[in-house]
Amino acid sequence: MLYRKFGKTNEMVSILGFGCMRLPLLPGGDPAKIDEKFATELIRFAIDEGVNYIDTAYPYHGKGMGSGGQSEPFVGKVLKDGYRQKVKIATKLPSWLVKTRSDMDKYLNEQLKRLGTDTIDFYLVHALNTTLWANVKEAGVADFLDQAIRDGRIRYAGFSYHEKEEYFNDIVDSYDWSFCQIQYNYMDEEFQAGRKGLNYAAQKGLGLTIMEPLRGGKLAVNLPVEVQTVFNQADIQMTPAEWALRWVWDQPEVSTLLSGMNSMEQVTENIKIAGNAAENSFTAKEKNVIEHVKNIFRQRIKVDCTSCSYCMPCPQGVNIPGCFNFYNNYYMFGREEAYRMLPPDQRASNCIECGDCETKCPQSIKIREEMQNVKAIFEAA
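In numbering that gives the first Met the number 0, the protein residues as written are 0 to 380.
Here you go:
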């Protein structure tokens, strides 16, 4: 396992972090029912192999964004038996639920109990955009973070970002952050904070955590034939996941990236890759391979959904990420029949265009408009 300095904190973190948003589930697919036995095996194996950055958040593996999910309590259990001492915990203040200064203390104290720890190493203000930042700033988030650091409840303060690049620098400059978390992969070099934000945060001394390095798995499995052909014809042979991960790790500004691993195959593959993925190691030929692949993907992807599920639950029961997954697959892989796997009450035709989902989408997708397109493709009379 390779390690990098985490910005101004001077902490050394494994370049591979374990993201606990997409843990394996028990049969039935209920996101609140984690397969705890198997997930424990995965996480502890990763820690034993050198992973020391474990990322979770208040709503992960829950019913929606309005209440606490099962990821934090589960992580607390996984890190018993001496594992807490081997890792850094990262979790996040649910910024969209904060109305007052006291709310921040309430959620942090609750999270400490859920995680079974006295201190959270890396505490992020979650999913910031211009609106949420204005709200928490007005409510006193700077004083809250300062106090939480002073009294030892958190060690370092950061934020995760879900907004256009043009607003990123202002948030970076609005507080003495130690680190930040952004979405970044070879398809999102100019999306949200993007490369410009990556460079700016690094110049300010912030540690950089990368989320969605595989774009919700879309850069790792079931690739278009044309994309796989490009990889197969490259001088060096790597799996699609390795191409994507090594591209991110090639950036010297990146401290660690999060992988939502839910199989032992994924864990062992990623750990192996992380053992020799040095910065600035991509050759000019390898960069050209990625550019070729990017061009193919750009021509095919219809909706830039990463299946983060921040838009859920839909008041009408529509499975928004599921609909978009089948929609993109239809154009990328020609899998129209798979849409019928969705129960009728979760299909696009149930959308009443209330717009609630669009206020929560970190990708700023025009969900109502796209739902009509999904309906036209899959549910036309």
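Think of the CB as a built atom: it goes at the ideal place given N, C-alpha and C, for glycine as much as any other residue. For clarity, every value in this text was computed on a predicted model and none was experimentally measured.
Candidates Glu-268, Gln-182, Leu-218, Tyr-155: which alpha carbon is nearest His-161's? As a first step, residue 161 is located in the sequence shown; it is residue number 162 there, counting from the start. Closest by alpha carbon: Gln-182.
In terms of residue numbering, what span does the alpha helix (DSSP H) encompassing Ser-70 cover? Here residue 70 refers to the residue found at position 71 of the sequence shown. Note, Ser-70: alpha helix (DSSP H), 70-77.
Is Ser-306 near the ligand NAD - that is, is its Cβ less than 8 angstroms away from at least one heavy atom of it? Among the components modelled here there is no ligand, and therefore nothing to report on the ligand NAD.
Can you name, in chain order, every residue of its own chain whose Cβ lies under 7 angstroms from the Cβ of Ile-319, other than the five neighbours on each side? Sequence index remark: in the sequence shown, residue 319 carries index 320 (1-based). If we look at Ile-319 and ignore the five residues flanking it on each side, its Cβ neighbours are Cys-310, Met-311, Cys-313, Cys-356, Ile-366.
Within this structure, are the beta carbons of Gly-61 and Arg-83 separated by less than 9 angstroms? Here residue 61 refers to the residue found at position 62 when the sequence shown is read from its first residue. Here residue 83 refers to the residue found at position 84 when the sequence shown is read from its first residue. No.
Roughly how many angstroms lie between the CA atoms of Gln-250 and Ile-351, to the nearest whole one? Indexing the sequence shown from 1 puts residue 250 at position 251. Indexing the sequence shown from 1 puts residue 351 at position 352. For Gln-250 and Ile-351, the distance between alpha carbons rounds to 43 angstroms.
Cβ neighbours of Glu-48 in the same chain (closer than 7 angstroms, five flanking residues each side left out): Along the sequence shown, read from residue 1 onward, the residue named residue 48 stands at position 49. For Glu-48, where only same-chain residues beyond five positions count, the Cβ hits under 7 angstroms are Met-0, Ile-270.
Report the three-state DSSP secondary structure of Ser-159 (helix, strand or coil). Here residue 159 is taken as the residue at index 160 of the sequence shown, counted from 1. Strand at Ser-159.
Who are the near neighbours of Lys-374 in its chain, counting only those whose CB is closer than 6 angstroms to its CB and skipping five residues on each side? For the purposes of this step, residue 374 is taken as the residue at position 375 of the sequence shown. So the qualifying residues of the chain are Ala-347, Ser-348.
For the alpha helix (DSSP H) that contains Ala-273, what are its first and last residues? Looking up residue 273 in the sequence shown gives position 274. It spans 263-273 - the alpha helix (DSSP H) in which Ala-273 sits, taken as one unbroken run.
Could you check whether Val-292 and Tyr-185 sit closer than 9 angstroms to each other, using their CB atoms as the reference points? Position 186 of the sequence shown, counting from 1, holds the residue named residue 185. Position 293 of the sequence shown, counting from 1, holds the residue named residue 292. Taking 9 angstroms as the Cβ cut-off, Tyr-185 and Val-292 qualify as a contacting pair.
So the candidates are Ala-156, Leu-222, Ile-33, Asp-29; which of them puts its Cα closest to the Cα of Arg-299? The sequence position of residue 299 within the sequence shown is 300, counting from 1. Answer by Cα proximity: Leu-222.
Suppose only complete runs of 4+ residues qualify. What are the alpha helix (DSSP H) ranges in the segment 149-233, listed by chain order? 167-172, 193-202, 224-231
Below 8 angstroms, can you find three or more Cβ-Cβ pairs linking the segment 71-91 to the segment 21-35? yes
Taking C-beta to C-beta, are Thr-90 and Ala-56 nearer than 9 angstroms? Within the sequence shown, residue 90 is the residue found at index 91, counting from 1. Within the sequence shown, residue 56 is the residue found at index 57, counting from 1. Contact: yes.
Please state the DSSP three-state secondary structure of Met-64. To locate residue 64, count along the sequence shown from 1; it is residue 65. Residue state, collapsed to three classes: coil.
So, helix, strand or coil for Leu-22, using DSSP? As a working mapping, residue 22 is identified with position 23 in the sequence shown. Three-state result, Leu-22: coil.
Determine the direct distance from the alpha carbon of Asp-54 to that of Gln-110, and round the result to whole angstroms. Position 111 of the sequence shown, counted from the start, is the residue given in the question as residue 110. Position 55 of the sequence shown, counted from the start, is the residue given in the question as residue 54. Going from the Cα of Gln-110 to the Cα of Asp-54 covers about 13 angstroms.
Across which residues does DSSP place Gly-139 in a beta bridge pair? Position 140 of the sequence shown, counted from the first residue, corresponds to residue 139. None; Gly-139 has no bridge partner.
Asn-327 burial status per 10 Å Cβ neighbour count (16 or more: buried): Locating residue 327 in the sequence shown gives position 328, where the first residue counts as 1. Counting Cβ neighbours within 10 Å, Asn-327 comes out buried, since at least 16 surround it.
Compare the beta carbon distance of Ser-306 and Gly-204 with 9 angstroms and say whether it is the shorter of the two. Within the sequence shown, residue 306 is the residue found at index 307, counting from 1. Within the sequence shown, residue 204 is the residue found at index 205, counting from 1. For Ser-306 and Gly-204, no; Cβs fall outside 9 angstroms.
Using a 10 Å radius around the Cβ and a threshold of 16 neighbouring Cβ atoms, would you call Lys-79 buried or exposed? Along the sequence shown, one-based indexing puts residue 79 at 80. Burial call: exposed.
Alpha carbon to alpha carbon, how far is Ile-209 from Lys-284? Give it in angstroms, no decimals. Your numbering for residue 284 matches position 285 in the sequence shown. Your numbering for residue 209 matches position 210 in the sequence shown. Each residue's alpha carbon lies about 24 angstroms from the other.
Pop quiz: Ile-68 and Leu-123 are said to be a contact at Cβ under 8 angstroms. What is the actual Cβ separation, rounded to whole angstroms? Start at 1 with the first residue of the sequence shown, and residue 68 comes out as number 69. Start at 1 with the first residue of the sequence shown, and residue 123 comes out as number 124. This sequence places Gly at residue 68; Ile is not what is there. No, Gly-68 and Leu-123 are not in contact; Cβ-Cβ is about 16 angstroms, not under 8 angstroms.
Helix, strand or coil: how does DSSP classify Ala-277 here? Indexing the sequence shown from 1 puts residue 277 at position 278. Coil, per DSSP.
Alpha-carbon to alpha-carbon, Asn-294 and Asp-104: Taking the first residue of the sequence shown as position 1, residue 104 is located at position 105. Taking the first residue of the sequence shown as position 1, residue 294 is located at position 295. If you take the alpha carbons of Asp-104 and Asn-294, they lie about 46 angstroms apart.
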